[in-house]
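Remarks on the structure that follows.
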Amino acid sequence: MTAAAIRLHPAGPLEAGVVAALQQTCFPDDPWDEGSVATLSAPPSGFAVVALDARDEPVGFVMARVAAEDAEILAIGVLPQARRGGTGRLLVEAAVTGSRNLGATALFLEVAEDNPAAWSLYKASGFFSVGRRPGYYKRPDGRVAALVLRRNLDGA
Ligand SMILES: CC(C)(COP(=O)(O)OP(=O)(O)OC[C@H]1O[C@@H](n2cnc3c(N)ncnc32)[C@H](O)[C@@H]1OP(=O)(O)O)[C@@H](O)C(=O)NCCC(=O)NCCS
Numbered sequence: 124m125t126a127a128a129i130r131l132h133p134a135g136p137l138e139a140g141v142v143a144a145l146q147q148t149c150f151p152d153d154p155w156d157e158g159s160v161a162t163l164s165a166p167p168s169g170f171a172v173v174a175l176d177a178r179d180e181p182v183g184f185v186m187a188r189v190a191a192e193d194a195e196i197l198a199i200g201v202l203p204q205a206r207r208g209g210t211g212r213l214l215v216e217a218a219v220t221g222s223r224n225l226g227a228t229a230l231f232l233e234v235a236e237d238n239p240a241a242w243s244l245y246k247a248s249g250f251f252s253v254g255r256r257p258g259y260y261k262r263p264d265g266r267v268a269a270l271v272l273r274r275n276l277d278g279a
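Position 26 (the sequence shown) corresponds to 149 in this note's numbering; numbering is contiguous.
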């Protein structure tokens, strides 16, 4: 599958179940229920976008919310079988566009230090590190730090 076959679809509260199913598959150790997804992505400050493949099947999602000039990606994921086709990059750009439309001038997120795929995606998408939170994520064998990343949305 290539990014050319992907269609992005804004997901409203009625589609929280679809987003939750994607989140649960992408984050089996930290699954969110439909109610949490609906609350976190509720307008006017929150939003969610789903990526649909050529058969209109959901294969990825992003959730973000905006507080004043700062936006945050709450979660982003692509189903394992659909990865490395450019969908993650499209979803990051959807978060950028949605955040700009809500007035944000910076977009933040946290990424676990042991997640090189996500870190590479964000670096390729213009994010840079602005902080580190030791022991932020739980792992079966201990804890791992989060890097706080930022992308500037004003200007370019
Ligand atoms: C991170 C994630 C969303 C990436 O989605 P994706 O659709 O595979 O990403 P893309 O195909 O758009 O990749 C864009 C770029 O990111 C980087 N990248 C993505 N996956 C990578 C991997 N496994 N290893 C190294 N680099 C990777 C590459 O630079 C890639 O560009 P390239 O393919 O031209 O080399 C996906 O791996 C995922 O859902 N992981 C599980 C959930 C997760 O960790 N979410 C992020 C939490 S902060």
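Note that beta-carbon positions come from the ideal geometry of N, C-alpha and C, so glycine has one too.
Source: prediction; values computed, not measured.
Quiz prompt | residue 209: first and last residue of the uninterrupted alpha helix (DSSP H) it sits in | solution = Indexing the sequence shown from 1 puts residue 209 at position 86. In this chain, residue 209 is not harboured by any alpha helix (DSSP H), its DSSP state being neither H nor E.
Quiz prompt | Residue burial classification, residue 138 (beta-carbon count within 10 angstroms, cutoff 16) | solution = As a first step, residue 138 is located in the sequence shown; it is residue number 15 there, counting from the start. Classified as buried, residue 138 has 16 or more neighbouring CB atoms from the shown chains inside 10 Å of its CB.
Quiz item: Roughly how many angstroms lie between the CA atoms of residue 156 and residue 141, to the nearest whole one?
Solution: Taking the first residue of the sequence shown as position 1, residue 156 is located at position 33. Taking the first residue of the sequence shown as position 1, residue 141 is located at position 18. Cα-Cα distance, rounded: 11 angstroms.
Quiz item: How many whole angstroms separate the CB atoms of residue 174 and residue 184, which I take to be in contact at a CB cut-off of 8 angstroms?
Solution: Along the sequence shown, read from residue 1 onward, the residue named residue 174 stands at position 51. Along the sequence shown, read from residue 1 onward, the residue named residue 184 stands at position 61. Contact holds; Cβ gap of about 7 angstroms.
Exercise. May I ask which residues mark the beginning and end of the beta strand (DSSP E) holding residue 157?
Key: Residue mapping note: residue 157 aligns to position 34 of the sequence shown, counting from 1. Looking at the DSSP string, residue 157 is not in any beta strand (DSSP E); the run it does join, the alpha helix (DSSP H), is 157-163.
Practice problem: May I ask you to list the residues that DSSP assigns as paired with residue 275? | Solution: Working through the sequence shown from its first residue, we reach residue 275 at position 152. In the DSSP output, where bridge partners are listed per residue, residue 275 has 229.
Quiz item: If you drop the 5 nearest sequence neighbours on each side, which residues of the same chain put their C-beta closer than 6 angstroms to that of residue 228?
Solution: To locate residue 228, count along the sequence shown from 1; it is residue 105. So the list reads 192, 276 and 277, once near-sequence residues are dropped.
Quiz item: Are the beta-carbon atoms belonging to residue 230 and residue 194 less than 9 angstroms from one another?
Solution: In the sequence shown, residue 230 corresponds to position 107, counting from 1. In the sequence shown, residue 194 corresponds to position 71, counting from 1. In this structure, residue 230 lies near residue 194, with their beta-carbon atoms less than 9 angstroms apart.
Exercise. Compute every distance between the C-beta of residue 150 and the non-hydrogen atoms of ligand 1, then say whether any falls below 8 angstroms.
Key: In the sequence shown, the residue the question calls residue 150 occupies position 27. Yes; taking the cut-off as 8 angstroms, the Cβ of residue 150 has a heavy atom of ligand 1 nearer than that.
Quiz item: Where in the stretch 142-197 do unbroken runs of the alpha helix (DSSP H), each at least 4 residues long, occur, reported from the N-terminal end onward?
Solution: Fully contained in the stretch 142-197 are the following alpha helix (DSSP H) runs of length 4 or more, in chain order: 157-163.
Exercise. Report, in whole angstroms, the separation of the C-beta atoms of residue 136 and residue 147, which I expect to be a contact under 8 angstroms.
Key: As a working note, residue 136 is residue 13 in the sequence shown. As a working note, residue 147 is residue 24 in the sequence shown. Going by Cβ atoms, the distance from residue 136 to residue 147 rounds to 18 angstroms, so no, they are not a contact pair.
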